[in-house]
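A.B. asks: Numbering (our numbering), first residue to last: 671 to 794.
Below, the structure is given as structure tokens:
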């Protein structure tokens, strides 16, 4: 999983670009986590509890995207996916959901989270 973090020099907004099939992570980092130190600290504490088996599952519901963590993986998904609506497509068509849902290992997620925090600290 590759990623790049940037700050718009004119507006000061932060952007996160993740590799294909992980785009939802970029949206989540930029839009849901942003520069909120409290959320960052909470997620770090939760990840430590998951790894030490003090916690089994955890979810943070955001405005448009949510984060689910367990001891093995992180899942970012659009809140719309939880509505359970099914779409019928013609035979040769399929939905690309890389922008609405992404999975990665918990350790990879933690590494990206730490990189995000370091990026924000350096560019602030």
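For glycine and all other residues, C-beta sits at the position ideal for the given N, C-alpha and C.
Alpha carbons only, please: which of 680, 735, 688 and 683 is nearest the one belonging to residue 672?
C.D. replies: 688
A.B. asks: For residue 740, I'd like the list of residues in its chain whose CB is within less than 6 Å of its CB, leaving aside the five on either flank, ordered along the chain.
C.D. replies: 727
A.B. asks: Throw me the rounded Cβ distance for the residue 776 and residue 695 pair, which I believe falls under 8 Å.
C.D. replies: Their Cβ separation, rounded to whole angstroms, is 13 Å, which puts residue 776 and residue 695 out of contact at 8 Å.
A.B. asks: Determine the direct distance from the alpha carbon of residue 723 to that of residue 706, and round the result to whole angstroms.
C.D. replies: C-alpha separation (whole angstroms): 26 Å.
A.B. asks: Going by beta-carbon coordinates alone, are residue 697 and residue 786 separated by less than 8 Å?
C.D. replies: no
A.B. asks: Could you tell me which uninterrupted beta strand (DSSP E) segments, each at least 3 residues in length, are contained entirely in the region 683 to 722, listed from first to last along the chain?
C.D. replies: Qualifying beta strand (DSSP E) stretches, in chain order: 684 to 688.
A.B. asks: Look at the alpha carbon of residue 716 and the alpha carbon of residue 732, and state the distance between them as a whole number of angstroms.
C.D. replies: 16 Å
A.B. asks: Start and end of the alpha helix (DSSP H) containing residue 727?
C.D. replies: Premise fails: residue 727 lies in the beta strand (DSSP E), 727 to 731, not in any alpha helix (DSSP H).
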